[in-house]
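Have a look at the structure below before the remarks.
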Ligand SMILES: [Zn+2]
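As structure tokens, this is what we get:
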């Protein structure tokens with residue numbers, strides 16, 4: 361689980377509105393609440409590069 365305060369400062373780099381991200385059910389990645397792109401979490405560090413394009 362990521363620190364909720366840390367999660368608060370993260371935003372989707374693919375969306376101009378910089379929407380918040382949420383952890384998925386497994387806690388293995390962050391998902392944009394707007395575009396649905398997923399960002400993997402490795403060793404507790406979110407990798408802010410989208411896995412899927414489009
Ligand atoms: Zn997004």
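In my numbering, the protein residues as written are 361 to 414. For every residue, glycine included, the Cβ atom is placed at its ideal position computed from N, Cα and C.
The three-state secondary structure of residue 381, taken from DSSP, is strand. Around the beta carbon of residue 392, a 10 Å sphere encloses 16 or more other beta carbons of the protein chains shown; the residue is thus reported as buried. Residue 370 carries a coil assignment under DSSP once its states are collapsed to helix, strand and coil. Short note on residue 374: C-beta closer than 6 Å to some heavy atom of ligand 1. 380 is the residue among 361, 374, 380 whose C-alpha sits nearest the C-alpha of residue 368.
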